[in-house]
Amino acid sequence: MELKTGYFKQIDSLRAYAVLSVIVFHWFSKDSWINALPNGTIGVTLFFVISGFLVSRILMMARNRIERNERSFKTEYKNFFVRRALRIFPLYYGILFGVFALRKFAHITIETDLFKQPLYYFFYLYNHYLDSTGNWSDLLSPFWSLSVEEQFYIFWPLMLLLSPAKRQPYFILAAIGIGLGSRVLLALSGSGQDGLATVYCLDAFGIGALFAYLFTNSSDSHEAIRKKNNWTLAIGLVLFAACLALDSGSWFVLVFKRFSIAAISMYLVSGACLEFKGIFGRILNSEVLIYIGKISYGLYVFHMLIPSVFVPKFLTYTPARITQLITSSQSVYVTFCFIFLLVLASLSWYLFEKRFTDLKKYFKM
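Under this note's numbering, the residues of the sequence shown are numbered 54 to 418, in order.
See below:
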């Protein structure tokens, strides 16, 4: 069954769920009931699976064009990387330069290691730096996953564009195995911590890529594919339940927590591409969720700065009565912060990011 090559609106709703999970994880206490599930890991892993699917699907179609001698490897790789750069680089580097500008010109202090080790941030190596320091109080700490994604965007196209289509599943299965195997070694090392290197995240990307390959080359009907994918959901749920029941530092949790979330994410992503029906389908077809997913990149990169820097600074310019109202309770403050975040991410998308993404039409894939 050939997947459609257009836009999957329910994928945007999954992006919304992913970014909202990360925001909840960072804005609420880890001991709060709302963080009973590992929301941070859930959100980031879902993002990785979505990226693995969408990127691999694009690259598989590009490889087919190469094999038909319609385009060269050089053209496909260049177009892919330029398109990714147009989507990611402007806002990413805008934030980094903006943080420097806020300190120098507005004298706003932001808690981040960017000022001490800027090269790790600017060259997308921050995940390795954070892995070594464990400084999660850094307000730019969520950028570790952006480093992982960018590293994935560099080497993954080489694998899929240079390998014949019939060999692609072997590379994908190897990536999943390497991701799992690396976490086994990490668990055996006794670190007791999730690794932040790209190799530890390969299984999530690989699972998304496997979905892209299987569904692109499957002759099964939508209903048959849904039934097969129920097994993926079942396996993921069993492993995830086991991880919740065990001590967070156990080897089983370190190895299988991300994998179980990735398996569940594969079910969600595949279902979204085939378009869920019923109540869940109506939820994912919500215009609100689709819009949040559309601006999810801006929401992700800004969300740590909102409650700690931007809103407190904004409140210094508001009347005392309004400030007292906004800070009267956590629920009111969080609600105001989220509205502030939505407005900022929307402005970022329409006034800044979209100007660059519109240029992707010159680098078609």
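We put the CB at the ideal spot given by N, CA and C, even for glycine.
Look at glutamate 123 here: in three-state DSSP terms it is coil, with no helix or strand label. Around the CB of phenylalanine 176, fewer than 16 other CB atoms lie within 10 Å, so the residue is classed as exposed. The C-beta of glycine 302 has fewer than 16 other C-beta atoms within 10 Å across all chains shown, which makes the residue exposed. Per DSSP, the unbroken alpha helix (DSSP H) holding lysine 366 starts and ends at 364 to 368.
Residue environment analysis places aspartate 300 among the exposed positions, since fewer than 16 neighbouring C-beta atoms fall within 10 angstroms of its C-beta. Close CB contacts of glycine 289 within its chain, under the 6 Å cut and outside five residues either way in sequence, are with Ser313, Ala316 and Ile317 (chain order).
About 5 Å separates the CB atoms of valine 135 and phenylalanine 416; that is less than 8 Å, so the two are in contact. Within the segment 73 to 101, no alpha helix (DSSP H) run of at least 4 residues lies entirely inside it. DSSP places glutamate 164 in the coil class of the three-state scheme, outside both helix and strand. One thing to note: serine 66 has its Cβ within 8 Å of the Cβ of glycine 346. For the pair tyrosine 370 and phenylalanine 81, the Cα-to-Cα distance works out to about 26 Å.
Between glycine 232 and tyrosine 253, the C-beta gap is smaller than 8 Å, which places the two residues in contact. With fewer than 16 other Cβ atoms inside 10 Å of its own Cβ, glutamate 120 counts as exposed. Under the criterion of beta carbons closer than 8 Å, isoleucine 64 and alanine 227 do not qualify as touching, at roughly 26 Å. Short of 8 Å from the beta carbon of leucine 249, and not among the five residues preceding or following it, lie these beta carbons of its own chain, in chain order: Asn180, His181, Leu183, Asp184, Trp197 and Val201. Nearest in C-alpha terms to arginine 220, of all of Phe142, Met113, Leu199 and Met319, is Met113.
Sequence-distant partners of cysteine 390 (beyond 5 residues in either direction) whose C-beta falls short of 8 Å from its own C-beta, in its chain, are Trp80, Ile359, Pro360 and Val364. In this chain, the alpha helix (DSSP H) harbouring lysine 407 covers 407 to 410. Counting C-beta pairs with one atom in each stretch, the segment 253 to 264 and the segment 331 to 340 have fewer than three that are closer than 8 Å, which means they do not touch. In the three-state reduction of the DSSP assignment, methionine 212 falls in the helix class, which pools H, G and I. Nearest in C-alpha terms to tryptophan 284, of all of Ala294, Tyr320, Leu307 and Val306, is Tyr320.
In the structure shown, glutamate 202 falls within a helical segment according to DSSP collapsed to helix, strand and coil.
Cα atoms of arginine 116 and leucine 395: separation of roughly 38 Å, rounded to the nearest angstrom.
Remark: C-beta atoms of isoleucine 207 and lysine 366 do not approach each other more closely than 8 Å. Taken through DSSP and simplified to helix, strand or coil, alanine 159 comes out as coil. Judged by DSSP secondary structure, valine 396 falls within the alpha helix (DSSP H) whose first and last residues are 383 to 401.
If you compare the alpha carbons of Val102, Leu73, Gly351 and Val75 with that of valine 322, the shortest gap goes to Val102. Excluding sequence positions up to five before and after tyrosine 173, its CB lies within less than 6 Å of the CB of Tyr179 and Tyr182, all in the same chain and listed in chain order.
Cα atoms of valine 341 and phenylalanine 150: separation of roughly 31 Å, rounded to the nearest angstrom. In its chain, beyond the 5 residues on either side, Val72, Val75 and Pro195 have a beta carbon closer than 7 Å to the beta carbon of tyrosine 353. Pairing arginine 156 with valine 362, the inter-Cα distance amounts to about 11 Å.
The criterion of a C-beta distance shorter than 8 Å is not satisfied by isoleucine 225 and methionine 418.
Put simply, the backbone Cα of threonine 186 is about 26 Å away from that of leucine 297. For tyrosine 177, there is no enclosing alpha helix (DSSP H), as DSSP marks it with neither H nor E. In this structure, phenylalanine 126 and leucine 238 do not form a Cβ contact; the two beta carbons are roughly 33 Å apart against a cut-off of 8 Å.
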